[in-house]
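Working notes, beginning with the structure itself.
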Amino acid sequence: MKKIFSRPESLTPAPHLYCAGCGHGIIHRLVAESIDELGVREKTIAVAPVGCAVFAYDYFNFDVTEAPHGRPPAVATGIKRVLPDRIVFTYQGDGDIAAIGTAETIHAANRGENITVIFVNNANYGMTGGQMAPTTLIGQKTATTPFGRDAKRDGYPLHLCELLATLKGVAYLERVTVYNPKHIFNAKRAIKKAFQNQIDGKGFSLVEVISQCPVDWGMTPLDSVAWVKDVFIKEFPLGVFKDI
Amino acid sequence: MEKVIIDADKCKGCALCIEACPKKCLILSDTFNKAGYRPAVFTQKDACISCGFCFQVCPDIAIEIYT
Numbered sequence: 027m028k029k030i031f032s033r034p035e036s037l038t039p040a041p042h043l044y045c046a047g048c049g050h051g052i053i054h055r056l057v058a059e060s061i062d063e064l065g066v067r068e069k070t071i072a073v074a075p076v077g078c079a080v081f082a083y084d085y086f087n088f089d090v091t092e093a094p095h096g097r098p099p100a101v102a103t104g105i106k107r108v109l110p111d112r113i114v115f116t117y118q119g120d121g122d123i124a125a126i127g128t129a130e131t132i133h134a135a136n137r138g139e140n141i142t143v144i145f146v147n148n149a150n151y152g153m154t155g156g157q158m159a160p161t162t163l164i165g166q167k168t169a170t171t172p173f174g175r176d177a178k179r180d181g182y183p184l185h186l187c188e189l190l191a192t193l194k195g196v197a198y199l200e201r202v203t204v205y206n207p208k209h210i211f212n213a214k215r216a217i218k219k220a221f222q223n224q225i226d227g228k229g230f231s232l233v234e235v236i237s238q239c240p241v242d243w244g245m246t247p248l249d250s251v252a253w254v255k256d257v258f259i260k261e262f263p264l265g266v267f268k269d270i
Numbered sequence: 006m007e008k009v010i011i012d013a014d015k016c017k018g019c020a021l022c023i024e025a026c027p028k029k030c031l032i033l034s035d036t037f038n039k040a041g042y043r044p045a046v047f048t049q050k051d052a053c054i055s056c057g058f059c060f061q062v063c064p065d066i067a068i069e070i071y072t
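Sequence order for the protein chains is R and W.
Going by my numbering, the first sequence opens with residue 27, and the numbers climb by one from there.
Going by my numbering, the second sequence opens with residue 6, and the numbers climb by one from there.
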C-alpha cells in the first residue's frame with residue numbers, strides 16, 4: 027500500500043501540547059507542508075510569538091527564534107535584512123499581533139518588509155486562560171468579560187486585515203479558516219501563496235487564520251467548530267483583502 | 006495493512022476526524038490512552054475511500070493514510 031498523507035518533513039514528531047481540538051496543530055501542518063512543497067526548509071527561519079504557539083521551536087523542523095511579546099515582525103525585519111536569501115516568517119496569535127504588537131505589525135507592513143506573517147485569530151488570549159483580546163466578538167463571554175463583551179465598555183473587535191489593507195507597503199492579505207476540510211485546503215493555498223510572494227520578493231504578506239479554541243471558549247471541539255462557522259466568520263468575513 | 010493508521014497515544018479524542026469522515030469509518034474508543042484521552046479508532050475498513058479528510062482536520066497529526 028502507498029502512503030498518501032502523513033506528517034510533513036518540516037514538522038518534528040514531538041507531540042503537540044495544545045488542547046484537544048485546537049486549530050494550531052492544523053495550521054502548523056499547513057505551514058510545514060507549504061515549506062516542504064516550496065523546497066525551502068533548509069533556509070527557513072521562523073519567529074515564534076508569546077502565546078500558545080510559544081513552543082513552535084519544538085514542533086517545526088527548521089530554525090525558529092523567539093521574540094518578545096508582540097515583536098515578531100520587528101525581529102523578522104532584522105533577520106530578513108541581514109540574511110535576505112532566507113525565508114523568514116512570523117507565527118502569531120491575536121493577542122500578540124493585534125494587541126501588544128499592533129505598532130510593530132503596522133510599521134513592518136507599512137515598510138513593505140519582505141516577510142510572511144501567519145496570524146492565528148481565536149478571539150481570545152488562549153495561553154493565559156481565555157481573557158478578552160482585541161478580536162473578541164461583541165457579546166462573547168471570556169474570563170475578563172463574564173457577561174459578554176460590551177462595546178461601550180470594551181470597544182469593538184479589531185479587524186486587522188481590513189486595517190492593513192489601506193497601507194501601500196502590503197502585498198497580500200487574506201482571511202481564511204480551518205473548521206472543515208474544504209476551508210483547510212483553501213487555507214493551505216493562501217499560506218503557500220504568502221510564502222511564494224516572499225520568494226518572488228513581492229513584499230509583506232499576511233494570512234489571518236480564524237481558528238477554534240474549544241477549552242477557553244468553554245465548548246467541546248465539535249461545538250467550537252460549529253461556533254466558528256455560525257458566529258465567528260460572520261463577524262470576520264473570509265476573503266482576499268489585498269493582492270498585488 | 007489498514008488504510009488509516011491512528012497513533013493512539015498522540016490522539017486527544019477531539020472527534021474532529023469522526024465529524025469529517027464522509028463514510029463514517031471512525032469512532033471514539035471505549036478505552037483510554039496514556040494521556041487519559043479516548044482515542045479515535047478506525048473501524049469500517051471496507052467503506053474507507055482514503056480521502057484523507059480525517060488527516061486534514063487532525064490537529065495532532067496522529068493519522069496516516071494509505072491507498
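We put the beta carbon where it would ideally sit given N, CA and C, even for glycine.
State yes or no: is the C-beta of A159(R) within less than 8 Å of the C-beta of A135(R)? The residue labelled residue 159(R) in the question sits at position 133 within the first sequence. The residue labelled residue 135(R) in the question sits at position 109 within the first sequence. Not closer than 8 Å, so no.
Contacting residues, own chain, Cβ-Cβ under 6 Å from F115(R) (five flanking each side not counted): Within the first sequence, numbered from 1, the residue matching residue 115(R) stands at position 89. Cβ neighbours of F115(R) beyond the five flanking positions: A72, T142.
Any beta-carbon of chain R closer than 8 Å to the one on P64(W)? Against the second sequence, residue 64(W) aligns to sequence position 59. P64(W) counts as touching chain R.
So V62(W) and P94(R) are in contact, right, with Cβ under 8 Å, and what is the actual spacing, rounded? Translated into positions along the second sequence, residue 62(W) becomes position 57. Translated into positions along the first sequence, residue 94(R) becomes position 68. That pair is no contact at about 33 Å.
Does DSSP classify I52(R) as helix, strand or coil? Here residue 52(R) is taken as the residue at index 26 of the first sequence, counted from 1. I52(R) falls in the helix class under three-state DSSP.
Note down the Cα distance separating A67(W) from R179(R), rounded to an integer number of angstroms. Here residue 67(W) refers to the residue found at position 62 when the second sequence is read from its first residue. Here residue 179(R) refers to the residue found at position 153 when the first sequence is read from its first residue. For A67(W) and R179(R), the distance between alpha carbons rounds to 43 Å.
If we count Cβ pairs, one from each stretch, closer than 8 Å, do we get three or more for the stretch 35-48 of chain W versus the stretch 246-258 of chain R? no
Determine the closest residue to C30(W) out of I54(W), K39(W), P44(W), with distance taken between C-alpha atoms. The residue given as residue 30(W) occupies position 25 in the second sequence. Cα-wise, what sits closest to C30(W) is I54(W).
Does the stretch 41-54 of chain W come into contact with the stretch 33-43 of chain R, if we say contact requires no fewer than three beta-carbon pairs (one atom in each stretch) closer than 8 Å? The stretch 41-54 of chain W, when compared against the stretch 33-43 of chain R, does not touch it at the 8 Å Cβ threshold.
Do A25(W) and C59(W) have their beta-carbon atoms positioned less than 8 Å apart in this structure? Counted from its first residue, the second sequence places residue 59(W) at position 54. Counted from its first residue, the second sequence places residue 25(W) at position 20. In this structure, C59(W) sits near A25(W), with a CB-CB distance shorter than 8 Å.
Proximal chain R residues relative to S55(W), where beta-carbon distance stays under 7 Å: Indexing the second sequence from 1 puts residue 55(W) at position 50. Chain-order list of chain R residues neighbouring S55(W): I30, by C-beta distance under 7 Å.
Just mark Y44(R) as buried or exposed, buried being the case when its beta carbon has 16 or more other beta carbons within 10 Å. Taking the first sequence and counting its residues from 1, the one referred to as residue 44(R) is at position 18. It counts as buried.
Are there 16 or more other CB atoms within 10 angstroms of the CB of G265(R), so buried, or fewer, so exposed? Counting from one through the first sequence, the residue named residue 265(R) turns up at place 239. Answer is exposed; the Cβ neighbour count stays below 16.
Count the other CB atoms, across all protein chains shown, that sit within 10 Å of the CB of P183(R); report buried if there are 16 or more and exposed otherwise. Residue mapping note: residue 183(R) aligns to position 157 of the first sequence, counting from 1. Buried.
Taking the C-alpha atoms as reference points, what is the distance between V66(R) and I225(R)? Taking the first residue of the first sequence as position 1, residue 66(R) is located at position 40. Taking the first residue of the first sequence as position 1, residue 225(R) is located at position 199. V66(R) and I225(R): Cα-Cα distance of roughly 9 Å.
DSSP on Y71(W), reduced to helix/strand/coil? Within the second sequence, residue 71(W) is the residue found at index 66, counting from 1. If DSSP states are grouped into helix, strand and coil, Y71(W) belongs with the strands.
Please check if any C-beta of chain W sits within less than 8 Å of the C-beta of R55(R). As a position in the first sequence, residue 55(R) is number 29, starting the count at 1. Taking 8 Å as the threshold, the shortest C-beta distance from R55(R) to chain W falls below it.
Nonlocal neighbours in the same chain, by C-beta distance under 7 Å from E7(W), ignoring five residues either side: Reading the second sequence from its first residue, position 2 is the one you call residue 7(W). Non-local C-beta neighbours of E7(W) in its own chain, meaning closer than 7 Å and more than five positions away in sequence, comprise F47, K50, ordered along the chain.
Distance, Cα to Cα, D89(R) vs V204(R)? Taking the first residue of the first sequence as 1, we reach residue 89(R) at position 63. Taking the first residue of the first sequence as 1, we reach residue 204(R) at position 178. Roughly 25 Å separates the two Cα atoms.
Roughly how many angstroms separate the alpha carbons of T246(R) and G47(R), rounded to a whole number? Here residue 246(R) corresponds to residue number 220 of the first sequence, with the count starting at 1. Here residue 47(R) corresponds to residue number 21 of the first sequence, with the count starting at 1. Answer to the nearest angstrom: the Cα atoms are 8 Å apart.
Alpha carbon to alpha carbon, what distance is there between V241(R) and L199(R)? Within the first sequence, numbered from 1, the residue matching residue 199(R) stands at position 173. Within the first sequence, numbered from 1, the residue matching residue 241(R) stands at position 215. One C-alpha to the other measures close to 29 Å.
Given a cut-off of 8 Å, decide if C78(R) and N150(R) are closer than it, judged by their beta-carbon atoms. The residue labelled residue 150(R) in the question sits at position 124 within the first sequence. The residue labelled residue 78(R) in the question sits at position 52 within the first sequence. Not a contact, by the Cβ cut-off of 8 Å.
For D269(R), which residues does DSSP report across the bridge? Your numbering for residue 269(R) matches position 243 in the first sequence. D269(R) is bridged to Y198(R).
Just the chain W side, please: which residues come within less than 7 Å of M27(R) by C-beta, in chain order? Walking along the first sequence from the start, residue 27(R) turns up at place 1. Correct list: M6, Y71, T72.
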